[in-house]
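To start, the structure itself, in structure tokens.
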Amino acid sequence: PTEVVTPTPPALTATIGLQNPGFEDIAGDVIPGWSWWAEDNFEPGGAFSPDTSYDTPLFKQADDAVRFINGPTLQIDGVQHLKFKTHVFQTVPVSPTAIVGFQVLASAFSDTGSVKVAAGIDPAGGQGCNNAQWSEFRFLDQGQTVQPIVAPEVVAGPSGRVTVCLYAE
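Numbering-wise (my numbering), the sequence shown opens with residue 20 and increments by one.
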């Protein structure tokens, strides 16, 4: 006889309670409820390469109705002639072994081509996005409508938290 083993399914899918999911009340480089990281290897007056020079972007709540997606919207602005590469992230509590998903709505306006975006989740709830499992990269520009960017579902680790991540370059 053959024995059939059915794996025990993980816990029910978790609903993540994000802090400030609409990115309201941004002031300077503070996005309430969220953290961020940006690559910054450019010094004014220093060497410049259009392919490899990055500067910290500016974060603000979108102030142009054309750029609103669904109420308050995070706008990430690059410095003229310089690229940006950034993660915006938040660590949230969930039940250990919960199946967690994350989706962001995104659009882009760029004078120099498209903006590369992705959504991810670190199932261990790490500080930052280095261990996130990412969606495919999407390349957005003003010729497209708002696009859903969907991170792959993950099983939360034993810490009882996950980190949701947005990537833009």
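Where a beta carbon is used, it is the ideal one built from N, C-alpha and C, also for glycine.
CA nearest to the CA of residue i, picked from the options
i    : options                : result
V165 : E188, P142, V136       : V136
Q146 : T131, I168, V183       : V183
T131 : I45, G97, G179         : G97
G179 : A117, Q161, L124, A187 : A117
Q109 : G47, S54, I45          : S54
E155 : G36, P167, L93         : P167
A125 : G52, L185, E172, D44   : L185
W6   : G176, A187, P177       : Residue 6 lies beyond the stretch modelled for the chain, which goes from 20 to 188, so this question has no answer here.
D82  : T71, I95, T75          : I95
A66  : G162, L101, S129, Q161 : L101
Contact with chain D by residue i, beta-carbon distance below 9 Å
i    : result
P177 : Among the chains of the structure shown, chain D does not appear; only one protein chain is present.
With 16 other Cβ atoms within 10 Å as the buried cut-off, status of residue i
i    : result
Q122 : exposed
E62  : exposed
A127 : buried
F78  : buried
H106 : buried
D74  : buried
V174 : exposed
Through-space distance from residue j to residue i, alpha-carbon basis
i    : j    : result
P91  : G41  : 5 Å
G139 : A170 : 5 Å
Q80  : L37  : 17 Å
F158 : K104 : 14 Å
P115 : P69  : 44 Å
D44  : N89  : 15 Å
I50  : D59  : 19 Å
V181 : C148 : 10 Å
D160 : E172 : 26 Å
Element boundaries [beta strand (DSSP E), containing residue i]
i    : result
S54  : 54 to 57
Q94  : 93 to 96
C184 : 180 to 187
G139 : 134 to 141
F108 : 105 to 112
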